[in-house]
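A.B. asks: Chain order of the listed sequences is A and B. FYI, in my numbering the residues of the first sequence are 1 to 475. FYI, in my numbering the residues of the second sequence are 1001 to 1310.
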Amino acid sequence: MSAPRPHRPRRPHRSRAVGPFAAAALLVVLGTTGCATGIGADDGAGADVDFGASPSPGGTLQVMGFGTGDEIGEVRHDRATEALGTEVKLSEGALDPQAFLSAAAAGNPPDLVYAERDQIGTFASRGAILPLSACVDEQGIDTDAFVDPALAEVTFGDELYGIPEFNMVQITMASADLLADEGLSLADVDGSDPDAVLAATEAMTRRDGGKLSVIGVDSKLPEFLPLWAKGRGADLLSDDGRTAQLDDSAVVEALEQAVAVYDAQGGFPDVKTYRDSADFFGAGNQFATGQLGAMAMEQWYVNVLNESSPDAPLAFGPVKGPDGDVHAFATGSAWAIPVGAADPAAACAYAARMTETEAWAEAAQVRADARAADGLVFTGVLTGNEEADAQIRDTLVPADPPAPWDDAIDAMYAANDHTFTLPANPAGAEFETAWQDGVNRVLNGQQEPAAAMAQAQEEAQSALDEAWATWDEQQ
Amino acid sequence: MGRTAVTTARPSARARRERTAGLAFISPWILGFLVFTAWPIFYSGYLSLTDYDVLTDPSFVGLDNYERMVDDPQVRLALWNTLQYTLLQVPLYVLVALALALLLHQAGRASGFFRTAFFIPKMTPPVAVGVLLLLLFNGEYGLVNEALGTIGIDGPSWTTDPDWIKPGLALVSLWSVGAAVVILLAALQDVPVELYDAARVDGAGWWRRTRTVTIPMISGALFFVTVVNTIAAFQMFTEAYSAYFGAGNSTYSNDAALFYVIYLFREGFAELHMGYASALAWLLFAVIMVVTAVQLLVSRRLVYYEGEQR
């Protein structure tokens, strides 16, 4: 009789405790499942966006990832803002994809983002940005004027998702003195003859007390593997962006050759540590101090050299492959309009004004004037807009610039005419990580090129398959 | 009985008031904890059971993320790197902190100056420390190898040789050893002088006094420094990321520097596999919990707290 009694009063007590707990747990479950709401393809993104709408009176266009920085950005921004007649608020600094996507997921995206072109495929595949065909039509953007590979890089699933701008290309930069000392020419280091590059490396490399004192040739790995592979007719990714080609024999051969250049100088660690100790942007840069024989480098570095060491003994030319052709692995930026942007019409108009030929021409004029005032050579601007590039070269770039800057300008424009890009795909970051990690394993002495690229191929293809499967399911 | 009831009721009412006031005072912290710590912890647990890319709705995948971790070679590599670094860094850090604290304890009036001097580097942003690492430990022209060269030692390639990446990072972590020095110095100053006097009377030399008086008396502080630093070592990120994966090395990286949190960050914030990254975070949480529990168990035999009853 006495045994059950203590239990009875406890039941309601326990149920009182369990009740609030259960309610709290339910709230938490509902909260968590309802918290991470997404946006994207399910929302029919872009279907009903009116790119021709008038800007909201007193509205502000929020731009993420763009800063005016120099005259090229500032002049175009001022011009576009004036044309728009609305306030434009810039969130400067490189675009942080996570910050952008979080803002988009929270339903508070900026009106316009300024992204790396290789990010566009990922953003588009996740439904984060709007297709821009209607924007192009509405604003009369002449897409034929854009550099084709730049346009291809922002085209995903046959739809344009970005308005490209700028084109970064590589040219060969070399120390004229070191080449002359060894009886070499630019053709020995421009990539057209891999054996000659290796021989030139051995000839120009110097060691002092066991330490590297002159880097013969810097292959610029891992970043330029796509360039060296292209010279052998290979692309890291298939044209449709679905198949990795990292274990292609031509890619492996390109990697072996580029690594052999480092090995001829004591190995990549020696070259990298010496390179890291250099005054890259200053008057004591590697060419000015005779610490570097040759390397491939983006064209913007020509201006750095022109400003910091105008009298350094330099030689310039395009990068060539063993096939004898000029090649340049182009990178650049693009404007994209997020799904859920408050004022997509104003964003479209701003992007259109920023990338039109007249905007580039005006900005380039200001830069040319500024450089003339400083007694520096105006070496041109690669805008991603062929029409603007031609106009700037014809009207603003000096017809007969002093050596060696004349060769630099010629090489830059030659490279701009021979660019390639990696196709837009939904796993851009994963693909890049896979091939760069593979190259790094070779550089760090952990794997041989063939094994490293085989592993990279497996990782990259797995990421591509998963991302494309998700995309295909949504279609 | 009635009197007893009255006397017990008064403190109870007062205790309630004090409790209410106490809760009111700490409520901002409680609120902050619930919103910014407890909720994200719980929410990451939910996300770890989903496939979530930040933009599209999370889709429930059960334990798939945890199963994927088992097969992921990068997880094993990152865990192994992190464990190696922890085993290397924690003893080094604690020993150097102890040695410096013992030295400062002898410094008399000047100890205040040195205490500040040792603590100042702690103020340096970790990103800057990562960049500093690349300069100081440059295998060709870094100050560290230059110094080693003066005594005839040919220094290694600290920043590129996979075998020397972690020792380099462990050494550069000593940049912020001042924080631990301050804690240990405070503990040293609390050791009763009488104990040293008694030990001297018994003929104990410096080493004997340190081993049998100092270390046991500051073992609580040593344990605290060890536990906190172990957790920090398992969470190693900023210095390694800025040195080997950040702006200074946007394309070059080294597997030897792929620490667990760097891999987690890469999965979550670069490749937007937020569900998988959440599962990775929970594994790290479990590992740290186990290690800390083991440390607590061991501490029962080794750590002495003044005033404790056994």
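The C-beta atom is built at its ideal place from N, Cα and C for all residues, glycine as well.
Thinking C-beta only, is I72/A closer than 8 Å to M525/A?
C.D. replies: For residue 525/A there is no data in the structure shown, the boundaries of chain A being 1 and 475.
A.B. asks: Is A1279/B close to chain A, meaning its C-beta is less than 8 Å from at least one C-beta of that chain?
C.D. replies: Chain A contact via Cβ: absent.
A.B. asks: Quick check: the Cα distance between E256/A and P449/A, rounded to an integer number of angstroms?
C.D. replies: Straight-line Cα distance between these residues: approximately 6 Å.
A.B. asks: With 8 Å as the threshold, decide whether the Cβ of G1139/B is near any Cβ in chain A.
C.D. replies: By this cut-off, G1139/B is an interface position.
A.B. asks: Can L1134/B and D276/A be called in contact, C-beta distance under 8 Å?
C.D. replies: Yes.
A.B. asks: Check the DSSP bridge columns for K320/A and list the partner residues they point to.
C.D. replies: Bridge partners of K320/A: V326/A.
A.B. asks: Tell me which residues share the same chain as A1281/B and place their Cβ nearer than 7 Å to its Cβ, disregarding the 5 neighbours each side in the sequence.
C.D. replies: Excluding positions up to five away in sequence, the list reads S1044, L1264.
A.B. asks: Closer than 7 Å, Cβ to any Cβ of chain B: which residues of the stretch 122-135 of chain A, in chain order?
C.D. replies: Answer set for the stretch 122-135 of chain A: R126, G127, A128.
A.B. asks: With respect to the beta strand (DSSP E) encompassing N108/A, which residues constitute its N-terminal and C-terminal limits?
C.D. replies: No beta strand (DSSP E) contains N108/A, which DSSP labels as neither H nor E.
A.B. asks: Can you confirm whether V1054/B, when its beta carbon is compared against all beta carbons of chain A, has any partner nearer than 8 Å?
C.D. replies: Yes - at least one Cβ of chain A is within 8 Å of the one on V1054/B.
A.B. asks: Pair every Cβ in the stretch 1023-1033 of chain B with every Cβ in the stretch 457-470 of chain A, then say whether three or more of these pairs are closer than 8 Å.
C.D. replies: In short, these stretches do not touch, since the Cβ pair count stays below three.
A.B. asks: Look at the alpha carbon of V88/A and the alpha carbon of P1126/B, and state the distance between them as a whole number of angstroms.
C.D. replies: Between V88/A and P1126/B, the C-alpha separation is close to 34 Å.
A.B. asks: Classify G1268/B as buried or exposed, calling it buried when 16 or more other Cβ atoms lie within 10 Å of its own Cβ.
C.D. replies: G1268/B comes out buried.
A.B. asks: Taking only the alpha-carbon atoms, compute the straight-line gap between A1204/B and L1195/B and give it to the nearest angstrom.
C.D. replies: Roughly 11 Å between the two C-alpha positions.
A.B. asks: What residues of chain B sit near Q475/A, judged by a beta carbon separation below 9 Å?
C.D. replies: Going along chain B, no residue has its Cβ under 9 Å from Q475/A, so there is no contact; the nearest lies around 14 Å.
A.B. asks: With C-beta atoms as the reference, is G321/A less than 8 Å away from K220/A?
C.D. replies: Contact: no.
A.B. asks: Output, in chain order, the set of chain B residues within a Cβ distance shorter than 7 Å of K230/A.
C.D. replies: Residues of chain B passing the Cβ test: none, with the nearest at roughly 17 Å.
A.B. asks: Report the option in Q1074/B, S1027/B, L1079/B whose CA atom is closest to the CA atom of A1286/B.
C.D. replies: Closest by alpha carbon: L1079/B.
A.B. asks: Quick one: which chain A residues come within Cβ less than 9 Å of Y1085/B?
C.D. replies: Those do not exist, as Y1085/B stays about 17 Å from chain A at its closest Cβ, beyond 9 Å.
A.B. asks: If you measure from the beta carbon of D188/A to each beta carbon in chain B, is any gap under 8 Å?
C.D. replies: With 8 Å as the cut-off, D188/A does not count as an interface residue toward chain B.
A.B. asks: Which one of D142/A, V319/A, Q461/A has the shortest CA to CA distance from H418/A?
C.D. replies: When each option's Cα is compared against that of H418/A, the closest is V319/A.
A.B. asks: Count the C-beta pairs between the stretch 90-104 of chain A and the stretch 431-449 of chain A that are closer than 8 Å, then say yes if the count reaches three, no if not.
C.D. replies: Because the criterion of three Cβ pairs below 8 Å is not met, the stretch 90-104 of chain A and the stretch 431-449 of chain A do not touch.
A.B. asks: A174/A by DSSP, collapsed to three states: which one?
C.D. replies: A174/A falls in the strand class under three-state DSSP.
A.B. asks: For A429/A, which of V442/A, A463/A, V397/A has the nearest alpha-carbon?
C.D. replies: Checked all of V442/A, A463/A, V397/A; the closest Cα to A429/A is A463/A.
A.B. asks: Leaving out five residues on either side along the sequence, give the residues of the same chain with a beta carbon under 8 Å from the beta carbon of G1139/B.
C.D. replies: Excluding sequence neighbours, G1139/B sits near N1145, G1155, P1156, S1157, W1158, T1159, T1160, D1161.
A.B. asks: For the stretch 91-102 of chain A, list every residue whose C-beta sits within 8 Å of some C-beta in chain B, in sequence order.
C.D. replies: Answer in chain order: P97, Q98, L101, S102.
A.B. asks: Is it right to say E82/A is buried, meaning 16 or more other beta carbons lie within 10 angstroms of its own, or is it exposed?
C.D. replies: Its Cβ having fewer than 16 others within 10 Å, E82/A is exposed.
A.B. asks: Of all Cβ atoms in chain A, is any one closer than 8 Å to the Cβ of E1271/B?
C.D. replies: Yes, its Cβ sits closer than 8 Å to a Cβ of chain A.
A.B. asks: DSSP state of D406/A, grouped into three classes?
C.D. replies: Three-state DSSP puts D406/A in a helix.
A.B. asks: For C135/A, I'd like the list of residues in its chain whose CB is within less than 6 Å of its CB, leaving aside the five on either flank, ordered along the chain.
C.D. replies: Closer than 6 Å at Cβ, skipping near neighbours: F51, C348.
A.B. asks: Taking L130/A as the reference, give the member of P344/A, L151/A, F378/A, R353/A with the closest Cα.
C.D. replies: L130/A has its Cα closest to that of P344/A, out of P344/A, L151/A, F378/A, R353/A.
A.B. asks: Could you tell me the alpha carbon to alpha carbon distance between T1292/B and A460/A, rounded to whole angstroms?
C.D. replies: C-alpha separation (whole angstroms): 37 Å.
A.B. asks: Using a Cβ-Cβ cut-off of less than 7 Å, list which residues of the stretch 198-224 of chain A approach chain B; keep chain order.
C.D. replies: Correct list: K211, L212, P222, E223.
A.B. asks: Taking G1275/B as the reference, which of T1037/B, S1048/B, S1012/B, Q1074/B has the closest Cα?
C.D. replies: Comparing Cα-Cα distances from G1275/B to each of T1037/B, S1048/B, S1012/B, Q1074/B, the minimum goes to S1048/B.
A.B. asks: Assign I129/A to one of three DSSP states: helix, strand, or coil.
C.D. replies: I129/A: strand per DSSP, three-state reduction.
A.B. asks: Considering G332/A, what are the terminal residues of the beta strand (DSSP E) in which it resides?
C.D. replies: G332/A -> beta strand (DSSP E) spans 331-336.
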